[in-house]
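The sequence shown begins at 1 in this note's numbering and counts up by one. Every residue, glycine too, gets a C-beta built ideally from N, C-alpha and C. Let me begin by presenting the structure, written as structure tokens, before commenting on it.
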Amino acid sequence: MHPPDDLLLEVERRPDVARHVAECPRCRVHRRLLGASGATSGNRPPDARPTGHVEPDATGRRWRVYDPALELTVIHVACPPGTALEPLRRAMQVVERLAHPHIARMHAVHPGPPVRVVREWVEGGDLETLAVAGDPRGMAWLAQCASALAVLHREGVVHGGLTASDVRLTPDGRVKLVGLGAHPGGSPADDWRDLVEIFAFAADAALPVLRRLAASGEGAGERILAWLLAHRDPGASGGGRYATRSLLGIGGMGEVRRVFDPVLVREVARKELSRDLIANGERIRQFVEEARITAQLQHPGVVPVHDLEHLPNGGIAFTMKAVEGRTLGAVTREVHLASAGGWATTAGGWSLRRLVSAVRAVCDAVAYAHARGVVHLDLKPGNVMLGDFGEVQVFDWGLARRLAPYGTVTLPRGSGTAAYMPPEQASDGAVVGVTADVFALGATLREVLDGTPPSPGLWVPTRGDVPPELASVVRKAMAADPGARYATVRELESDLTAWIEGQWVGAHAYGHLERLWRRLRPHQAPLAVSVVAGVVLVALGAVSWVRVEGEQHRATLALSQALVDRANLALDANDTIRAESYAAGALGLADRPEARGLLAGLGRGWRPRLEHRWDRSCAGLAVDEASGDLLCATATHLVCRSMDGTEREVPGSFTHLRPFPGGGWTAVVGSTVVMGETACGPFRALVEGDAPIADAVGLPEGRLAVARAGSLDVVVPGAPGRAQRVDVDASSVTACGADTIAVTTTGGRLMVVSGSERQDLDADRVSGRVVCAPHGRALAVVADRMVQIWNLGPAVQRHALSGHLGPVADVAWSPDGRRLATVAEDGFVRVWSATSGREVGRIPTGRPVTELAFGADRLFAATDERVRTWVLPREAPVSGFDAVVEVSAIRWS
């Protein structure tokens, strides 16, 4: 703190002030100016070395001088006689604290006589001499002055005598207020009225509105400022709420700058969409979605978003907290530079343990986002900011997506950073879930351990002192198969917490020596006293043998797993030769002849082959086993595609295509059931009516089961009357043998009708179709996210096919009744063993599948744009294995 000016003249009687003046260059110069002021003529400050003369203003005369204490050019303003010191000093303190871009700084107040103010020299001129009627910049200048006045009023400072000469205009189009504190008797209302009248030359049609707002009483300033910000002129220079301070970075979608907010008097970061993308509607949508997603994630680890604004030039921007600090990548490199000879702590206090703690904090923020249905999809050290006060914040949510209800999201090609994204994210139309972020966090941890960005291929730590538990965490998080990774980020965070706290890490396979040491470590002192030398020697020998055996065992497992991962990646790339080479290498690591023999006898795994793509959008799908034709029901036609590729079309809106016992096909067309001699017609009407038909299926002896709202009728086409009626609101019906029908209702019930007997099955959450196996001894019914398999005669549930990530859309039996295919909204077709209820394999489709059909050795799946055909491998049962699914290694216990 500098002493008041009156004390600077009394250094002889105040030793404390004398000591301060001796140490402070600024006060020495001020004292020299004060002490000589009375001996000079006029108002000019002595020894000020004038560098230019300024015309007098309404309050006296002004001199531009160079101040050696401040090392800059300032203005000395002589105030009129009777000017009070206290309001000037109060104004100076407030201005110094605010550092507002539109208020000239006040460096000192001298008591005189006369009283003088030393303030910032503002190059340019004042509004009184430079203003021109109709100047398009006038409203922008008015907004800047209004923001400055609003801030001053909140601090209790009133200008009190605002004139056009108190508004200085800089060459770059900004304004700065001067003359503060010289008129202490004014009020905020006076300031707003004066401001509006000063800018009457520019307000034009808006002048009546501004005058009315200025006279509106308390809060007038805030209302004027809000009106100006809402109606600012796009062509005016210097307009807008924020004043740019510096450029922080340039990204793929725009620039991030540090800006000053004069309304809230703070610095924030402002991200603006690149001008090249203003006309790109999809990029604007992504930009807005980034702002909204980030704003909704109220977590200490997510950079908060303050505001989203549409710019006059058609662009868009949002503001967020400006985080002071460095990225995780920069700090990681610093730690590795300081830890060349072993892990060390940097001068800034960063160590390996603290870096891992930062990654754990990132996990906490990402887990919070996942809990709210958001995945980041671009996690990397460069998108994590480590603040100067311990903050760990995740930013750049530009690629973030909201998860679908079934926990996945479909991405375009190239979404993400290649070094940190999982294999499934790299393909076009990739379907990913939370495990994509798990992979990226594992890659981030790998960079923390290695000091360099991850590279493709088998990972071998570049440092020999990488903790093995953390290496195991990285390998699990970065597994090529999403199912082999941590299921959630919380699980990954739990393992990092365990390592930080010295507990057991779940992903790590501890050797015998490690387990022994961890158990003995808390009791090592008593143990050293109590154990005799002979026992110690024996124990050491045993431990040495176990250690060698354990290390060899772990090394073999690690190499085997690496070869298996490479084989899987090669298979995903359709490189079967390289895949078999890697698999053979993994097979050669089996350490027991029994294991090698059994593994060699197994098949190469369950790998369907994509045979054909047919660009048709099908609402219904079926296969004619007799002819091999594939039937596709569109909204307007029934299309029959033969095996040689020829197509025939039958007009009509066909649904529920079914083979009829004894030959022919039935289908539903609105409120009519039709029958064709072949799957492609010609068709004739069997049952007609006015009520819509929900489903229909043929029965032996020429009968037909027809499901309508409120009833299920068994009829003989052409014969009068009904053979049987069941009063039930049926939604799906299937034939199971000669006399048995299975029905699902709109109320979620499953019912079996056999002759005159009716049985309700205890099936939960029935939500879709029911399909009987070709042999008639079992049925499958869709129940939300699972498919239930029931044996018939008596009806007993046999299996529940679970594991789907969304509601099941369709189910189909193979012609031999040994396998089923199911499809859910997660984009995977799953094939199951009907005998064991186990999943035999799955096929990624990349898009939601709506219909399935099973051929003898082929599987057909319809999406919204095409039909895919896969040739399915045969199952390869081996003694002791019900179904072989991607067997890559066997080890005997």
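query: Is DSSP giving A18 helix, strand or coil here?; result: helix
query: Hey, R485 and T435 are a contact pair by Cβ (cut 8 Å); roughly how many whole angstroms apart?; result: 5 Å
query: Return the CA-CA distance between L180 and R89, expressed in angstroms with no decimal places.; result: 10 Å
query: Below 6 Å CB to CB, which residues in the same chain sit around A39 once its five sequence neighbours on both sides are set aside?; result: Its pLDDT being 31, under 50, A39 is placed unreliably in this model, and the coordinates cannot settle the point.
query: Rounding to the nearest angstrom, what Cα-Cα distance links H100 and V178 in this structure?; result: 12 Å
query: Taking the CB atoms as reference points, tell me whether S642 and G628 lie closer together than 9 Å.; result: yes
query: Kindly indicate which three-state DSSP category P873 falls into: helix, strand or coil?; result: coil
query: Which residue comes first and which comes last in the beta strand (DSSP E) that contains F439?; result: Counting along the chain, F439 falls outside any beta strand (DSSP E), though it belongs to the alpha helix (DSSP H) covering V434 to D450.
query: Name, in chain order, the residues that DSSP records as bridge partners for D465.; result: Per DSSP, none; premise fails for D465.
query: Tell me, to the nearest whole angstrom, how far the beta carbon of A685 is from that of V697; I am working on the premise that it is less than 8 Å.; result: Not really, about 17 Å apart at Cβ, beyond 8 Å.
query: Which value, in whole angstroms, describes the spacing of the CA atoms of W121 and A78?; result: 15 Å
query: By the DSSP assignment, the beta strand (DSSP E) with I741 in it spans what residues?; result: T740 to T745
query: How should S731 be labelled, buried or exposed, when 16 other C-beta atoms within 10 angstroms of its C-beta is the threshold for buried?; result: buried
query: Between which two residues does the beta strand (DSSP E) containing H637 stretch?; result: H637 to R641
query: Quick check on DSSP: helix, strand or coil for M139?; result: helix
query: How close, in whole Å, do the beta carbons of I843 and F860 come, if the pair is a contact with beta carbons under 8 Å?; result: In fact, because the Cβ distance is near 12 Å, the residues do not count as touching under 8 Å.
query: Starting from M92 and walking both ways along the alpha helix (DSSP H), at which residues does that stretch end?; result: L85 to L98
query: Could you check the C-alpha separation between V17 and E23 for me, to the nearest Å?; result: 10 Å
query: Please say whether R266 and A317 have beta carbons closer to each other than 9 Å?; result: no
query: How close, in whole Å, do the beta carbons of R798 and V782 come, if the pair is a contact with beta carbons under 8 Å?; result: Contact flag wrong, Cβ pair sits at about 16 Å.
query: May I ask which residues mark the beginning and end of the beta strand (DSSP E) holding A800?; result: V796 to L801
query: Leaving out the 5 sequence neighbours to the left and right, which residues in its chain are closer than 7 Å to G925 when beta-carbon positions are compared?; result: The question about residue 925 has no answer, for the chain in this structure spans 1 to 893.
query: Let me check one thing: in DSSP terms, what residues is A861 bridge-paired to?; result: L852 and R868
query: Along the alpha helix (DSSP H) that carries S357, what are the first and last residues, could you check?; result: L352 to A371
query: Apart from the five residues just before and just after R360, which ones in its own chain have a Cβ nearer than 8 Å to its Cβ?; result: E493, L496, T497 and I500
query: With distances taken between CB atoms, is the gap from R703 to C736 smaller than 9 Å?; result: no
query: Shortest alpha-carbon distance to L621 belongs to which of E757, R613 and H656?; result: H656
query: How long is the line joining the alpha carbons of R212 and A330, rounded to whole angstroms?; result: 55 Å
query: Can you tell me the Cβ-Cβ gap for L152 and V94, rounded? I've got them flagged as a contact below 8 Å.; result: 7 Å
query: Three Cβ pairs or more, each shorter than 8 Å: is that satisfied between the segment 182-192 and the segment 154-161?; result: yes
query: Provide the residue(s) that pair with P651 in DSSP beta bridges, ordered along the chain.; result: H637
query: Locate the beta strand (DSSP E) running through I75, then write down its first and last residues.; result: L72 to A78
query: Determine the direct distance from the alpha carbon of D764 to that of G855, and round the result to whole angstroms.; result: 30 Å
query: In chain order, what residues of the same chain have a beta carbon less than 8 Å from the beta carbon of T332, not counting five sequence neighbours either side?; result: L355, P381, E447, V448 and G451
query: Tell me which residues share the same chain as V117 and place their Cβ nearer than 7 Å to its Cβ, disregarding the 5 neighbours each side in the sequence.; result: V77, C79, L88, M106 and V109
query: Confirm, please, whether the CB-CB distance from T850 to D810 is below 9 Å.; result: yes
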